[in-house]
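In my numbering, the protein residues as written are 0 to 321.
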């Protein structure tokens with residue numbers, strides 16, 4: 000029996016909660032300008048920068064960092080109830096796991112392993128596409144005042160509110176039950192893009208993706224019967240594995256060119272008119288053979304859980320960080 004996305008998130012949340020550690024009593028760090036973190040720390044205040052050394056693990060609970068946080072290559076940072084007043088930088092193969100945490104600056108991933116973030120807020124998030132890996136951003140209840148940008152990675156947003164989303168050559172880019180106040184841009188998604196039960200305030204543009212499903216359909220099947228609200232234009236061009244646009248409210252226009260096979264659309268309320276291939280679109284019963292089913296998301300959940308469990312163990316073995 001295939002689990003829904005919601006069910007899979009619930010299963011992972013239980014697994015990650017079981018792996019979590021309880022931090023020690025409150026304290027104030029007497030660290031110098033830059034603090035190295037290897038092991039575990041509780042409700043301390045780090046007055047300067049914090050660095051997780053290469054291939055090491057740092058576990059924080061209730062910690063405040065007033066400077067910049069750097070997670071070196073191959074290192075892991077697991078934080079709960081944290082406050083980071085500056086930026087966070089993830090180097091190659093670095094992992095960030097954040098729960099109920101505030102990052103006032105930008106999280107920048109320089110070809111990191113991945114980021115799993117739950118019930119947290121950030122200034123912005125940028126994966127710059129460096130390295131040979133495929134880093135993931137898996138976010139549940141993320142609030143971002145700025146852009147969420149992923150290049151050559153994997154993007155999954157659920158129950159989140161962000162200013163803008165841009166995905167460039169990702170493996171996939173999916174947005175579920177979320178609000179994007181500005182523009183949404185997805186270009187070159189190898190396994191396509193799915194938008195479900197969400198609101199987009201700016202122009203939504205999909206160019207050169209394997210497949211695009213807006214609302215219900217058979218490409219993914221996770222969002223049957225649940226449409227979206229687009230405040231402005233929706234543009235879908237040059238898709239190669241099918242386009243389905245069903246059950247949406249679009250205040251602007253719906254247009255598309257160069258999609259092969261031709262797109263299908265049904266039960267939409269388009270106030271600005273249907274143009275291009277959508278001007279002649281008719282609802283059809285079709286079978287699509289694309290390979291983008293929910294499997295990538297399940298792999299992300301496994302990758303996040305396994306990496307976190309290893310980080311918790313290594314940090315526990317290292318003892319107190321400060």
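Beta carbons: idealized from backbone N, C-alpha and C, even for Gly. Note that the structure is a prediction, hence the values are computed from the model and not measured.
C-beta contact flag for residue i and residue j at 8 Å
i: residue 37; j: residue 62; result: no
i: residue 190; j: residue 171; result: yes
i: residue 165; j: residue 146; result: yes
i: residue 104; j: residue 87; result: yes
i: residue 93; j: residue 68; result: no
i: residue 229; j: residue 247; result: yes
i: residue 251; j: residue 226; result: no
i: residue 117; j: residue 143; result: no
i: residue 101; j: residue 120; result: yes
i: residue 183; j: residue 207; result: no
i: residue 40; j: residue 320; result: yes
i: residue 153; j: residue 193; result: no
i: residue 185; j: residue 210; result: no
i: residue 109; j: residue 95; result: no
i: residue 35; j: residue 314; result: no
i: residue 131; j: residue 157; result: no
i: residue 115; j: residue 137; result: yes
i: residue 48; j: residue 33; result: yes
i: residue 169; j: residue 149; result: yes
i: residue 302; j: residue 83; result: no
Assigned secondary structure, residue i (DSSP; H/G/I helix, E/B strand, else coil)
i: residue 277; result: helix
i: residue 188; result: coil
i: residue 313; result: helix
i: residue 303; result: helix
i: residue 53; result: coil
i: residue 89; result: strand
Residues bridged to residue i [DSSP beta-bridge criterion]
i: residue 37; result: DSSP output for residue 37 lists no bridge partner at all.
i: residue 83; result: 64 and 102
i: residue 113; result: 94 and 135
i: residue 58; result: 39 and 77
i: residue 268; result: 248
i: residue 48; result: 33
At which residue ranges does the region 195-264 contain complete beta strand (DSSP E) runs of 3 or more residues, listed in the order of the chain?
203-206, 211-214, 233-236, 242-245 and 253-256
Assess, as a yes-or-no matter, whether the region 231-251 is touched by the region 263-276 under the definition of 3 or more beta carbon pairs within less than 8 Å.
Touching, yes.
Within the region 142-193, ranges of the beta strand (DSSP E) (whole runs, at least 3 residues):
153-157, 160-167, 171-175 and 183-186
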